[in-house]
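Asks:
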Amino acid sequence: MIIDVVIRNRIKNLDQLSYYCEHTIPAGCRVEVMLNQTKLIGFVVGSKEDEPTPYKLTPILRIIDDTPILSPLFLSLFEMLQTYTLDSKYDILQQCLPFDKRLNDKELIPTLKRFYTRSDQPLNQRKSNHPLMHYQSNERIDESQVTSSQCRTWLKQGYLVEQFELPQLKQVQSKPHPQLNEEQSVIVDAIDITQFDVHVIKGPTGSGKTHVFMACAQKVINLNKRVLLCVPEISLTPQMVERFQSYFEVPVIVYHSTLTPKEKVSALTQIRHHTSCIVIATRSGIFIDVEFGLIIIDEEHDASFYQTTPMVYHTHDIAKFIAKKCNIPLFLASATLSLETYAKALKGLYRLHSLHTRHEASFPNLHIVNMRDDIKLHQSYMISKPLFQAIEQRLQKKEQVLILMNRRGAFPTITCTHCLNNARCHECGLHLNYHSDTKKIHCHYCAKVYHDYQCVHCGHQQFTGSGYGTQSVVSRLKILFPQAHIQRLDSDVATSIESTSILQDFTQGSIDILVGTSLISKGLDIENVTCVGILDADQALSFLNLRSSESTFAMLMQAAGRSGRAQKQGEVFIQVMDPQHRVIQCLQEHNYERFFKEEMAFRYQNQLPPYVYLISIECAHKHAQTAFEVALNLSSQLKESMHVIGPSSLLKQRGLTRYQIIIKTKDWLKTMQHLRELNIMTHPQCEMKVIANPYALGGL
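For the sequence shown, numbering that gives the first Met the number 0 assigns the number 0 to the initial residue and increments by one for each residue that follows.
See the structure below:
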């Protein structure tokens, strides 16, 4: 038999090779093969009867799996993704495969097996000085007192046995589900959880969309099925997990990319073991290969559901494919739906369900603060007088405050005191930032950290900082409110254990003021937060980016919704430089519908998504002239049959100069097929990257 195997190969168009085997191997099994005198783990994607070939096929060395490790569903997903992206089959497969079944040369050590003394061996058969003498028969070994290699040795000697053991899940006292109001009940009754449909759930922050999720999830749990809830941020999963654990008696399992390998294997094992459970995950959770009865994407507008490396995909597309194949419902929910989602709902392609009022709360009072007035009066450029007074009043009432500053670090601009040039990253050319906690200079684009930065223009090392980020905001607030307990939450701490502790402390009321980036605008539901301040709110509106208006409006609406979530009246102070901007005007009216109409009109006029599809092609090379010439030649070739824009320069990445070409098309799948036939991903000179339906343009 001729067996087609996907392997890791430096040559991208040669990542699927044919091997020989005496019998058929089902698609979805792993095998060991030889390539260039190196043993590799490969993945069988097909087989066929022997046929004459101009070369002798290499035999497969070893079959690893007796049965396929990918379900038929995920094998079909693998096939679909080959038309969806130009990424290599290996990268696609690595994304689809369960974490504990990746195509690595070394298998993951089973982490859920524990060592026990044998029950059939009398104690007197052990030597008197043997470390196991004090253990009873069939007693679990305390692995903190011995090494794993010792246990393996004793296992071979016959003293121990291995037993599979599921870790204990946290048990929380369940309480009755929240009482649904009339609007929520109508939506829950209208949704058939036994068949496929895309249900768009639209409602302002605090309107009780989560209550709708819970009611529908309970119906699915009653059918002994699993529920997948995808959330945008890892740092916010603890609060969501706690809410679901308190209402459901089935296991609530967390899965995301920052779990350790052992934790991932444990989570996947738990999910497979429990046919009825709730899985709360970030975007990587969509590739968990089990049967779900319901998929929910909360805050569906969020950019974190879009991935560009190593494989390009949008969580929505994968979720829709899986839901349709499994004939289960898919929920897309947000207070600020993405334009594409809302447009499809209005066209009737998706089912739209709307909530209109806040659940047991009123909308906060919203104040637009023109910072130009403060600057003219020589007042603080960071914390305006109205915001200062509001914070002071709320702290006196023992209430809590959120301050959103969507820029990390202390100073976003660093200037050489000798030649007055701004410090820029050597790798990508972007402005550098100074962080007061590390006392180092950071690049927020390529993540490079400079310990001894020298000015590229004059070689000096003396710099001054200007502007402000979250760290300088915290420093300023500590001066203004010395008695308050102030903490910071941004991506510099959000990937650490500290972030969970900060959120718990804030939820419990031991933190008075929480300063953060857009992380704190998503999903926080704390009754005692009655004041939200948003600093430099319109900074991103000056960016030449496809979604700068949409993402800014969504972030500000979401952040404003954190205030006044219960009976206490909330206030929101939005500090801007241009209060007349259409996004700020829509925000002041709390009017998503107006923003949607105006932004869609702008998109139509300029022929931007969702009226057309975009495909981005990036050409990268260490020499700028080579990258430009390749991009220019490709652009000229494509312009013969397509609407092409560019090439235009992008920021450097990994020291490579990049140029971008944009294709506008009405049929992106057909265009992608044409690009695939041109074989542009294997250009002999440049690194090429093709992104269909990019979330943003300009490389940012």
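Ideal Cβ positions, reconstructed from N, Cα and C, are used throughout, including at glycine. Note that this is a predicted model, so its numbers are computed, not measured.
(1) Is residue 292 near residue 327, with beta carbons less than 9 Å apart?
(2) Looking at residue 3 and residue 238, is the spacing between their C-beta atoms short of 9 Å?
(3) Kindly indicate which three-state DSSP category residue 432 falls into: helix, strand or coil?
(4) Can at least three beta-carbon pairs, one atom from the stretch 331-341 and one from the stretch 187-199, be found at a separation below 8 Å?
(5) By a C-beta neighbour count over all protein chains shown, 10 Å radius and 16 as the cutoff for buried, is residue 108 buried or exposed?
(6) For residue 223 and residue 435, I'd like the C-alpha separation in whole angstroms.
(7) DSSP three-state label for residue 615, please.
(8) Please tell me whether residue 692 and residue 637 are closer than 9 Å, where the distance is taken between their beta carbons.
(9) For residue 106, I'd like the list of residues in its chain whose CB is within less than 6 Å of its CB, leaving aside the five on either flank, ordered along the chain.
(10) Measure how close the beta-carbons of residue 451 and residue 460 come, nearest whole angstrom, since I'm counting them as under 8 Å.
(11) Tell whether a beta-carbon distance below 9 Å holds between residue 483 and residue 519.
(12) Mapping DSSP to helix, strand and coil, what is residue 652?
(13) According to the neighbour-count rule (16 or more other Cβ atoms, all chains shown, within 10 Å of its Cβ), is residue 683 buried or exposed?
(14) What residues in its chain sit with their C-beta under 7 Å from that of residue 714, if we drop five residues either side in the sequence?
(15) Sort 448, 521, 422 and 534 by Cα distance to residue 711 and report the nearest one.
(16) Please state the DSSP three-state secondary structure of residue 390.
(17) For residue 231 and residue 180, I'd like the C-alpha separation in whole angstroms.
(18) Whose C-beta lies closer than 7 Å to the C-beta of residue 439 among residues of the same chain, with five residues either side of it excluded?
(19) Buried or exposed, going by whether 16 or more other CB atoms sit within 10 Å of the CB of residue 14?
(20) If you draw a straight line from the alpha carbon of residue 351 to that of residue 686, how long is it in whole angstroms?
(21) Please go through the stretch 292-345 and give each complete alpha helix (DSSP H) segment of 4 or more residues, from N-terminal end onward.
(22) Compute the distance between the beta-carbons of residue 472 and residue 381, then report whether it is under 9 Å.
(23) Do you know offhand how far residue 564's Cα is from residue 556's?
(24) Specify the secondary structure class of residue 478 as computed by DSSP and reduced to three states.
(25) Using alpha carbons as the reference points, say which of 402, 206 and 491 lies closest to residue 437.
(26) Are residue 325 and residue 195 touching if we call contact CB-CB under 9 Å?
(27) Within a Cβ cutoff of 7 Å, which residues of the same chain sit near residue 429, ignoring the five residues on either side of it in sequence?
(28) Based on Cα-Cα distance, which residue from 279, 308 and 174 lies nearest to residue 245?
(29) Determine the DSSP secondary structure at residue 17, reduced to helix, strand or coil.
(30) Give every residue of the same chain whose Cβ lies closer than 8 Å to the Cβ of residue 474, excluding the five residues on either side of it in the sequence, and list them in chain order.
(31) I need the boundaries of the beta strand (DSSP E) containing residue 399, first residue and last residue.
(32) Reducing DSSP to helix, strand and coil, say where residue 104 ends up.
(33) Which runs of the alpha helix (DSSP H), 4 residues or longer, sit entirely within the stretch 191-277?
(34) Looking at residue 28: is its Cβ nearer than 9 Å to the Cβ of residue 43?
(35) Would you tell me roughly how many angstroms separate the C-alpha atoms of residue 329 and residue 653, rounded to the nearest one?
(36) In the structure shown, what three-state DSSP assignment does residue 625 receive?
Replies: In brief:
(1) yes
(2) Contact: no.
(3) strand
(4) yes
(5) Residue placement at residue 108 is flagged as unreliable, the pLDDT there being 40, under the threshold of 50; the coordinate-derived value follows with that caveat. That one is exposed.
(6) 52 Å
(7) strand
(8) no
(9) Residue confidence for residue 106 is low, a pLDDT of 45 falling below 50, so the modelled location carries little weight; the figure read from the coordinates is stated next. Nothing meets the Cβ criterion.
(10) 7 Å
(11) The criterion of a C-beta distance shorter than 9 Å is not satisfied by residue 483 and residue 519.
(12) strand
(13) Residue 683 is classed as exposed because its beta carbon has fewer than 16 other beta carbons within 10 Å across all chains shown.
(14) This structure gives no information on residue 714, because the portion of the chain shown stretches from 0 to 699.
(15) Here the chain has residues from 0 to 699 only, and residue 711 is not among them.
(16) helix
(17) 27 Å
(18) 448, 449 and 450
(19) buried
(20) 42 Å
(21) 314-325 and 338-345
(22) yes
(23) Rounded to the nearest angstrom, the two C-alpha atoms are 14 Å apart.
(24) helix
(25) 491
(26) yes
(27) 423, 442, 444 and 650
(28) 174
(29) In the displayed model, residue 17 falls within a strand according to three-state DSSP.
(30) Excluding residues within five positions, the ones whose Cβ falls inside 8 Å are 409 and 435.
(31) 399-403
(32) Because the pLDDT of residue 104 is 41, which lies under 50, any placement of that residue in the model is unreliable, and the number read from its coordinates should be weighed accordingly. Coil, per DSSP.
(33) 208-221, 236-246 and 260-272
(34) yes
(35) 38 Å
(36) It is helical.
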